[in-house]
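The structure appears below as structure tokens.
2 protein chains.
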Amino acid sequence: MTAIRVLLADDEHLIRGALAALLALEDDLAVVAEAASGPEALSMARAHRPDVAVLDLQMPGGDGVSVAEALRRELPGCATMIVTGHGRAGHLKRALAAGVRGFLPKTVSAQRLAEVIRTVHGGHRYIDPELAADAISAGDSPLTAREAELLEMAEDGAPINEIAARAGLAAGTVRNYLSSAAAKLGAENRHTAARMARERGWL
Amino acid sequence: MTAIRVLLADDEHLIRGALAALLALEDDLAVVAEAASGPEALSMARAHRPDVAVLDLQMPGGDGVSVAEALRRELPGCATMIVTGHGRAGHLKRALAAGVRGFLPKTVSAQRLAEVIRTVHGGHRYIDPELAADAISAGDSPLTAREAELLEMAEDGAPINEIAARAGLAAGTVRNYLSSAAAKLGAENRHTAARMARERGWL
DNA sequence: GGCCAGGACTGACATTTGTCATGTGAGGCC
DNA sequence: GGCCTCACATGACAAATGTCAGTCCTGGCC
Numbered sequence: 001m002t003a004i005r006v007l008l009a010d011d012e013h014l015i016r017g018a019l020a021a022l023l024a025l026e027d028d029l030a031v032v033a034e035a036a037s038g039p040e041a042l043s044m045a046r047a048h049r050p051d052v053a054v055l056d057l058q059m060p061g062g063d064g065v066s067v068a069e070a071l072r073r074e075l076p077g078c079a080t081m082i083v084t085g086h087g088r089a090g091h092l093k094r095a096l097a098a099g100v101r102g103f104l105p106k107t108v109s110a111q112r113l114a115e116v117i118r119t120v121h122g123g124h125r126y127i128d129p130e131l132a133a134d135a136i137s138a139g140d141s142p143l144t145a146r147e148a149e150l151l152e153m154a155e156d157g158a159p160i161n162e163i164a165a166r167a168g169l170a171a172g173t174v175r176n177y178l179s180s181a182a183a184k185l186g187a188e189n190r191h192t193a194a195r196m197a198r199e200r201g202w203l
Numbered sequence: 001m002t003a004i005r006v007l008l009a010d011d012e013h014l015i016r017g018a019l020a021a022l023l024a025l026e027d028d029l030a031v032v033a034e035a036a037s038g039p040e041a042l043s044m045a046r047a048h049r050p051d052v053a054v055l056d057l058q059m060p061g062g063d064g065v066s067v068a069e070a071l072r073r074e075l076p077g078c079a080t081m082i083v084t085g086h087g088r089a090g091h092l093k094r095a096l097a098a099g100v101r102g103f104l105p106k107t108v109s110a111q112r113l114a115e116v117i118r119t120v121h122g123g124h125r126y127i128d129p130e131l132a133a134d135a136i137s138a139g140d141s142p143l144t145a146r147e148a149e150l151l152e153m154a155e156d157g158a159p160i161n162e163i164a165a166r167a168g169l170a171a172g173t174v175r176n177y178l179s180s181a182a183a184k185l186g187a188e189n190r191h192t193a194a195r196m197a198r199e200r201g202w203l
């Protein structure tokens with residue numbers, strides 16, 4: 001049997017190199033390409049046509065999920081999985097919609113990572129149980145499209161007038177959307193609301 | 001010559017295990033203990049008395065710098081170094097004050113990590129040049145003690161009245177400190193000011 | 001001592017933000 | 001068609017926030 005060809009994408013060289021070393025110990029896995037950014041991951045994938053792409057969620061130049069989306073279109077034969085740091089359960093739903101078949105926190109062991117690579121390569125899916133529980137308990141976003149859009153603009157602390165101008169709306173309207181969003185999230189004001197929505201992956 | 005005894009503390013098993021594997025390849029380095037949290041790092045250090053402690057900045061139960069502080073008191077013979085994910089140059093000054101001798105981003109290679117472990121074990125210091133540049137360009141905090149204190153309370157979006165109550169000050173006073181802090185940082189309001197100050201390690 | 005710089009602190013005033021009542025139009029349902 | 005629900009949109013009003021002018025105290029300096 002020929003080894004599973006793996007692409008590793010993570011901007012932290014230290015982790016990526018170490019991971020490659022660990023996976024090399026498994027004789028049915030072969031790391032054929034490494035990348036430190038979203039675009040690089042894509043071009044490496046085109047060049048080396050891996051069986052499985054292991055993507056970090058946070059990378060310069062586009063996050064893991066958008067890379068997964070692009071890969072799904074360009075290389076349908078390549079299975080994708082996301083490995084992520086703390087928390088980020090909010091991205092799970094988006095990731096699954098993008099065709100990602102594995103979703104793991106970085107707190108798992110290398111052993112488990114190798115197992116999951118085999119699992120997704122076999123056509124199955126594996127979602128870390130704790131992340132899955134988080135995502136389910138967070139539930140679906142109660143925000144309407146407009147609310148989410150304006151909340152996103154409010155995220156960096158811009159005053160209402162600027163948001164209104166950028167969105168082409170009356171200031172009062174913007175206030176109301178943000179107020180309504182805050183109410184839905186149980187937040188005191190738009191700033192905390194924006195943080196909460198971001199945490200839960202609703203932005 | 002006997003190998004340098006290393007303690008690894010990082011809550012991401014995947015990374016920690018992989019790092020241990022890579023460092024094991026260097027025959028003058030021996031990973032004698034691993035930990036997944038701040039308190040665990042401390043107790044492992046007490047038990048195994050390593051020569052160098054490699055600490056992640058963000059861990060459950062106290063960050064790397066506070067662990068370094070404790071280690072400096074309890075095991076003065078143990079050199080400490082911080083390895084961190086993205087950005088966080090703001091913690092550099094605090095880390096140096098805590099006696100940390102090495103400060104690196106996770107984007108470096110394993111090669112370099114090993115070199116730096118030897119460097120700090122030899123009694124020297126090594127700060128990643130890019131992080132150093134960031135920290136220097138951010139400069140010293142222009143905030144007074146009160147301003148920083150109130151800004152910290154404002155960070156999670158609490159209304160002014162609550163902050164005033166917690167601090168035992170008049171609401172107007174709190175408003176002015178926050179306003180003054182925001183002016184110093186060039187921020188539009190206290191929320192953005194709090195974020196900026198946090199990013200630069202001034203809180 | 002007299003002077004100055006600057007941090008801690010306060011209340012009055014103007015602006016910004018959040019809340020409320022209300023209107024419009026699109027889509028599902030009987 | 002008539003009725004409902006709900007997202008989108010607005011302006012008036014009240015509450016929270018930011019700005020300003022000014023007092024008090026401390027410490028350095030001549």
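Line order of the protein sequences matches chains A and B.
Mind the numbering: the first sequence is residues 1 to 203 in UniProt numbering, read in order.
Mind the numbering: the second sequence is residues 1 to 203 in UniProt numbering, read in order.
Just so it is clear, CB atoms sit at the ideal spot from N, CA and C, and this is done for glycine as well.
If you're wondering where the values come from, they're calculated on a predicted model, not measured in any experiment.
Just checking: is the beta-carbon of residue i within a distance shorter than 8 angstroms of some beta-carbon in chain A?
i	result
Lys-184(B)	no
Val-54(B)	no
Thr-107(B)	yes
Leu-203(B)	no
Could one say the Cβ of residue i lies closer than 8 angstroms to chain B's Cβ atoms, at least one of them?
i	result
Glu-188(A)	yes
Asp-156(A)	yes
Leu-113(A)	yes
Residues of chain B with CB under 9 angstroms from residue i, in chain order?
i	result
Ala-110(A)	His-13, Leu-14, Gly-17, Ala-18 and Ala-21
Gly-85(A)	Glu-12, Gln-58 and Gly-85
Counting only the same chain and skipping the five closest in sequence on each side, list residues whose C-beta sits under 8 angstroms from that of residue i.
i	result
Val-174(B)	Leu-150, Ile-160, Ile-163, Ala-164 and Ala-167
Asp-63(B)	Gly-38, Leu-57 and His-91
Ala-182(B)	Glu-188, Asn-189, Arg-190, Thr-192 and Ala-193
Gly-69(A)	Sequence check: residue 69(A) is Glu here, not Gly. Taken in chain order, the residues that qualify are Ala-98 and Gly-99.
Ala-148(B)	Ser-141, Ala-181, Ala-197, Trp-202 and Leu-203
Glu-152(A)	Ala-194 and Leu-203
Applying a beta-carbon distance threshold of less than 7 angstroms, which residues of chain A neighbour residue i?
i	result
His-191(B)	Gly-157 and His-191
Using a Cβ cut-off of 9 angstroms, pull out every chain A residue sitting near residue i, in sequence order please.
i	result
Arg-195(B)	Asp-156 and Gly-157
Leu-131(B)	Ordered by position in chain A, no residue passes the 9 angstroms Cβ test against Leu-131(B), which lies about 14 angstroms from the chain.
Which residues in the same chain as residue i place their Cβ atom closer than 6 angstroms to its Cβ, once the five residues preceding and following it in sequence are excluded?
i	result
Ala-41(A)	Ala-9, Ala-35 and Val-67
Thr-119(A)	Tyr-126
Gly-85(B)	Lys-106
Met-59(A)	Asp-11, Ser-37 and Gly-38
Ala-110(A)	Leu-22
Ile-82(A)	Leu-55, Leu-57, Gly-64, Ala-95, Val-100 and Phe-103
Leu-185(B)	Ala-193 and Met-196
Glu-155(B)	Ala-194
Arg-200(B)	Gly-90 and Ala-138
Residues of chain A with CB closer than 8 angstroms to the CB of residue i, please, in chain order.
i	result
Ala-151(B)	Per the sequence presented here, residue 151(B) reads as Leu, with Ala not at that position. Near Leu-151(B) there are no residues of chain A at all, since even the closest Cβ is about 13 angstroms away, more than 8 angstroms.
Within the same chain, show all residues whose beta-carbon is closer than 7 angstroms to that of residue i, passing over the 5 residues directly before and after it, in chain order.
i	result
Ala-24(A)	Val-31
Leu-75(A)	Ala-45 and Arg-49
Leu-131(A)	Ala-89, Leu-92, Phe-103 and Pro-105
Gly-122(B)	none
Meets three-Cβ-pair contact criterion under 8 angstroms: the stretch 19-31 of chain B and the stretch 168-187 of chain A: no
The stretch 104-123 of chain A contacting the stretch 133-153 of chain A, beta-carbon criterion three pairs below 8 angstroms: no
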